[in-house]
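Accompanying notes for the structure given below.
Protein chains in written order, with the numbering used here: chain H, 144 to 286; chain U, 3 to 803.
What follows is the structure, encoded as structure tokens:
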């Protein structure tokens, strides 16, 4: 089976030795910067050389503390598990707690703002809560 | 600042409105946890279309101290009515990833270019000189077709236009292609063969009038969230409206559906013909419409899959008639269709009833499921057949609707014509009159544009491997992650004689094998224009500065042109196109000394005027939330081909498919058979592999995976399996597996009963993850008519690692 062709990463241990040699060469190049006329680019991008698994908190509503919004006006992120919650034409499981912002466990559910309503109900274009409000998994971006 | 005040300034139109007072958390970089409190003084807002998908939502961008600090859904836009999806709300972060490219890089050893060297910082002058030198040498040795440009449906309209003009008129090379070949080419050939004119006849307004929505292999809930919410809105407001989700994978779109219909890969061809057969047998067709508005044709069959190098195909359409067509579809009995597709006779009959009931208005929707298909042109034709036989087309709520993947796949690649065979306004290089018209508008001598197309996308990569293309320049694309059968093409790029240039904003899987990397300006760092899926052309102004020495792709192309002795293609008068005074101009305009974007657009407009592709004057687009072409007498067009809506339809005609001059304005119903895919599961490779996207990530993830909240929402690509298959293989969620095909392999973690569940015998892997290069596994077979690759079907083996 063919290997993934990469200038920087490879899954095989043998590549690590090569990478170490490469680092040595790069350091040598950096040291000789004055002669070769330029800084060697050190950016490695997002690739880490290993696949990952998406692991979410799994905490029930009320057990998890709120996550700070990326910026004011950004949709709040979901701190609790959502895999058992459904949004169908007949029923939206989010509305139960978030319509009035009721107390759940130690916390108060973030209340759906006025902007989301049209007439008496949730505006259709905002009914699919998860198009904006997403849970957060473990781990940080590699960059 | 109170909520009311905020709403007020949004209502003012959101264009350069300053706001005073209040607080805002500023987090121009990724560290939102460490966000600081600042006042809203001097925050300015301006409009722009979203950077991501083809929906074309309008956003209001809030800028403070030269940085984007917030975005809002634009309440003035009829596309998104004040909301956005999670990707749209992440726009303030996409330009501020820590490893943004800010300097040109050249692969060097001992201070000079060396294919085996390291990417080393260089000046623009040195980088552009090296590119020009390589291009000149290659043209000298092998001719202009050996110098290739690979662009994108994420190019702005003028970036695509400038590149096309430079290549076709300047370098006299038709070696220009776009990643939209992998995205929309089958949609184009579907439109051209059925209607003689590209792009949808309807608009998103149709969603508010439909009774039935049929998804043909499109998971809109994730891939077009705002359009899916427009459908949701209709379903909630009209209890009789219904959604049918036809798919090979159980997905989120089913949550709103009256019925989820799972079909076997490739069998959509049989299903569409089977529905047509029932429509005819039951008399659910519109005879009057058929006799007045339709022509019938049949093309070549057993047309191959393009797996061989230099594969060539030309269809030979023959005239047919209703009777012969009826005979043709009569083979697709419900029993036969059930055998091929797994769709029950009852479900097929119900589908036919929905299409056939004259009281029900039907919108059919599709994207990659139908376009990335070795019979992509055919399946587009076959779904049009259903709307044509029933006359359910070009009226409010009755439309076939081909959705678009990229923000300007329509506006740039299709309308400007940045494919090897195309020219602006649906013209082609193989047509002498089309070339003459183009040469006249471009002010170049007759005979300048080469009459023969060179390489479509897959063939361009194969030509790189064969040594027929030696200079390959990618702009706004990530080909060395995105192409199918990736191993072959990554190896090709690394061949000593090949010179790879990648213009991008971050290090990617393509920059890592590039010989020159050019740092690009992105989105609102330049002035831009996109065209969305409903023919809406939208503009934005430059709002912030690009970082470091980053430059727009337009500037790069014009700079390259100058060094190739083709600078005159981009010389216009500053009397005609004075630089903008009331807002900042782009780097390209500043360098030119006149309003380059305006000059290019006004020239480009000449192609469409009077031929059904009319665009409004440049300045109009800066004042509107976009307009849907044709724009005639200042009015946009919501529905094409219908009298009263479309200014091109003469009074009294009612309906006129005027793109088809040869058939006298009739749309074409095609007899297209079911043919099997090129590679099917067997004992050695027992599973289907289907690839695609997830909601949170855009294409190869280079922007969205640098946004913390998006990364954390869906960090990694996993392999989604059916529980029965997982159980048989001893796999659970979290088991590390290897997926391999005849071409390559990828290692990742399995997910069972995750967000999507494929049918038994299929595995679904999204392609956004740089650590899961699933395209090493995929097959580079394509539709012989559209040349679009099929990323949805190949045979693989799954093993626990």
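Each residue gets a CB set at the ideal place from its N, CA and C atoms; glycine is no exception.
Short of 7 Å Cβ to Cβ, which residues in the stretch 224 to 242 of chain H face chain U? 229, 230, 231, 232
Among the candidates 759(U), 515(U), 616(U), whose CA atom is the shortest distance from the CA of residue 186(H)? Looking up residue 186(H) in the first chain gives position 43. For residue 186(H), the nearest C-alpha among the options comes from 515(U).
Nearest chain H C-beta to residue 27(U) closer than 8 Å, yes or no? Looking up residue 27(U) in the second chain gives position 25. Only weak support is given to the placement of residue 27(U): the predicted model assigns it a pLDDT of 30, under 50, and the question is left unresolved by the model.
Please classify residue 585(U) as buried or exposed, where buried requires at least 16 other C-beta atoms within 10 Å of its C-beta. Start at 1 with the first residue of the second chain, and residue 585(U) comes out as number 583. Per the 10 Å Cβ criterion, exposed.
Closer than 9 Å, Cβ to Cβ, to anything on chain H: give me those residues from the stretch 694 to 726 of chain U, in chain order. 697, 698, 703, 704, 707, 708, 709, 710, 711, 712, 713, 714, 715, 716, 717, 718, 719, 720
Rounded to whole angstroms, how far is the Cβ of residue 677(U) from the Cβ of residue 304(U), which I believe are closer than 8 Å? Against the second chain, residue 677(U) aligns to sequence position 675. Against the second chain, residue 304(U) aligns to sequence position 302. With a Cβ gap of about 7 Å, residue 677(U) and residue 304(U) count as contacting.
Just checking my contact of residue 785(U) with residue 378(U) at CB under 8 Å: how many whole Å lie between their CB atoms? Within the second chain, residue 785(U) is the residue found at index 783, counting from 1. Within the second chain, residue 378(U) is the residue found at index 376, counting from 1. Indeed they touch by this definition, with Cβ atoms about 4 Å apart.
How big is the Cα-Cα spacing for residue 632(U) and residue 171(U)? Taking the second chain and counting its residues from 1, the one referred to as residue 632(U) is at position 630. Taking the second chain and counting its residues from 1, the one referred to as residue 171(U) is at position 169. Counting only the Cα atoms, residue 171(U) lies some 26 Å from residue 632(U).
Contact between the stretch 363 to 374 of chain U and the stretch 287 to 300 of chain U is defined here as three or more beta-carbon pairs at a separation below 8 Å; is this criterion met? no
May I ask which residues mark the beginning and end of the alpha helix (DSSP H) holding residue 222(U)? Numbered from its first residue, the second chain carries residue 222(U) at position 220. According to the DSSP assignment, residue 222(U) belongs to the alpha helix (DSSP H) that extends over 222 to 225.
Which word fits residue 512(U), buried or exposed, when buried means at least 16 other C-beta atoms lie within 10 angstroms of its C-beta? To locate residue 512(U), count along the second chain from 1; it is residue 510. Residue 512(U) comes out buried.
Can you name, in chain order, every residue of its own chain whose Cβ lies under 7 Å from the Cβ of residue 486(U), other than the five neighbours on each side? As a first step, residue 486(U) is located in the second chain; it is residue number 484 there, counting from the start. 777, 780, 781, 782, 791, 793, listed in sequence order.
8 Å Cβ cut-off: residues of chain U touching residue 279(H): Here the question's residue 279(H) lines up with position 136 in the first chain. Those are 711, 714, 715, listed as they occur along chain U.
Per DSSP, what are the beta-bridge partners of residue 740(U) in this structure? On the second chain, position 738 is the one that residue 740(U) refers to. DSSP, once it has assigned bridges, lists 749(U), 801(U) as partnering residue 740(U).
Check whether the stretch 239 to 255 of chain U touches the stretch 311 to 319 of chain U, taking contact to mean three or more Cβ pairs, one atom from each stretch, closer than 8 Å. no
Taking the DSSP output, what are the residues bridged to residue 122(U)? What you label residue 122(U) is simply residue 120 of the second chain in a count that begins at 1. BP columns for residue 122(U) point to 183(H), 108(U).
Cross-chain neighbours of residue 223(U) in chain H, by beta carbon under 9 Å: The residue given as residue 223(U) occupies position 221 in the second chain. Neighbours of residue 223(U) on chain H, chain order: 271, 273, 274.
Tell me whether the beta-carbon of residue 715(U) lies closer than 8 Å to the beta-carbon of residue 222(H). Against the second chain, residue 715(U) aligns to sequence position 713. Against the first chain, residue 222(H) aligns to sequence position 79. For residue 715(U) and residue 222(H), no; Cβs fall outside 8 Å.
DSSP state of residue 167(U), grouped into three classes? On the second chain, position 165 is the one that residue 167(U) refers to. If DSSP states are grouped into helix, strand and coil, residue 167(U) belongs with the helices.
Once the 5 residues before and after residue 575(U) are set aside, which same chain residues still bring their CB inside 7 Å of it? Taking the second chain and counting its residues from 1, the one referred to as residue 575(U) is at position 573. Cβ within range, chain order: 596.
Tell me which residues share the same chain as residue 650(U) and place their Cβ nearer than 7 Å to its Cβ, disregarding the 5 neighbours each side in the sequence. Your numbering for residue 650(U) matches position 648 in the second chain. Closer than 7 Å at Cβ, skipping near neighbours: 614, 632, 660.
Contact with chain U by residue 190(H), beta-carbon distance below 8 Å: The sequence position of residue 190(H) within the first chain is 47, counting from 1. Yes, residue 190(H) counts as interfacial toward chain U.
In DSSP terms, what residue 400(U) is bridged to: Numbered from its first residue, the second chain carries residue 400(U) at position 398. Answer by DSSP bridge pairing, in chain order: 397(U).
Look at the Cβ atom of residue 258(U), then the Cβ atom of residue 237(U), and state whether they are nearer than 8 Å. Reading the second chain from its first residue, position 256 is the one you call residue 258(U). Reading the second chain from its first residue, position 235 is the one you call residue 237(U). It is a contact, given that the beta carbons lie within the stated cut-off.
May I ask you to report which of helix, strand or coil DSSP gives residue 412(U)? Along the second chain, read from residue 1 onward, the residue named residue 412(U) stands at position 410. In the structure shown, residue 412(U) sits in a helix (DSSP, three-state: H, G or I).
What does residue 88(U) reach in chain H if we use C-beta pairs closer than 8 Å? For the purposes of this step, residue 88(U) is identified with residue 86 of the second chain, where counting begins at 1. The contacting residues are 218, 274, 275, 276, 277.
Would residue 67(U) be called buried (16 or more neighbouring beta carbons within 10 Å of its own) or exposed? In the second chain, counting from the first residue as 1, residue 67(U) sits at position 65. Residue 67(U) is exposed by the Cβ-count criterion.
For residue 235(U), decide whether its Cβ has a neighbour in chain H, counting only Cβ atoms nearer than 8 Å. Locating residue 235(U) in the second chain gives position 233, counting from the first residue. Yes, residue 235(U) lies at the interface with chain H (some Cβ there is under 8 Å from its Cβ).
Taking the alpha-carbon positions, what's the residue 698(U) to residue 708(U) distance? For the purposes of this step, residue 698(U) is taken as the residue at position 696 of the second chain. For the purposes of this step, residue 708(U) is taken as the residue at position 706 of the second chain. Each residue's Cα considered, the two are about 12 Å apart.
Does the separation of the CB atoms of residue 478(U) and residue 218(U) fall below 8 Å? As a first step, residue 478(U) must be located in the second chain, where it is residue number 476. As a first step, residue 218(U) must be located in the second chain, where it is residue number 216. Not a contact, by the Cβ cut-off of 8 Å.
Cβ shell of residue 180(U) (< 6 Å), same chain only, five flanking positions each side left out: What you label residue 180(U) is simply residue 178 of the second chain in a count that begins at 1. Non-local beta-carbon contacts of residue 180(U) in its own chain, meaning distances under 6 Å to residues more than five positions away in sequence, involve 153, 154, 415, 420 in chain order.
Proximity below 8 Å, CB of residue 57(U) to CB of residue 88(U): In the second chain, the residue the question calls residue 57(U) occupies position 55. In the second chain, the residue the question calls residue 88(U) occupies position 86. No, these two residues do not count as a Cβ contact at 8 Å.
Between the Cα of residue 611(U) and those of 757(U), 692(U), 567(U), 426(U), spot the shortest distance and give me the residue it belongs to. Mapped onto the second chain, residue 611(U) falls at position 609. Minimum Cα distance to residue 611(U) is reached at 426(U).
Curious, which full-length alpha helix (DSSP H) runs of at least 4 residues does the stretch 152 to 216 of chain U contain? 159 to 167, 187 to 197
Does the beta-carbon distance from residue 385(U) to residue 410(U) come in below 8 Å? In the second chain, residue 385(U) corresponds to position 383, counting from 1. In the second chain, residue 410(U) corresponds to position 408, counting from 1. No, the Cβ-Cβ distance between residue 385(U) and residue 410(U) is not below 8 Å.
For residue 264(U), which residues does DSSP report across the bridge? Numbered from 1 along the second chain, position 262 holds the residue referred to as residue 264(U). Beta-bridge pairing links residue 264(U) to 249(U).
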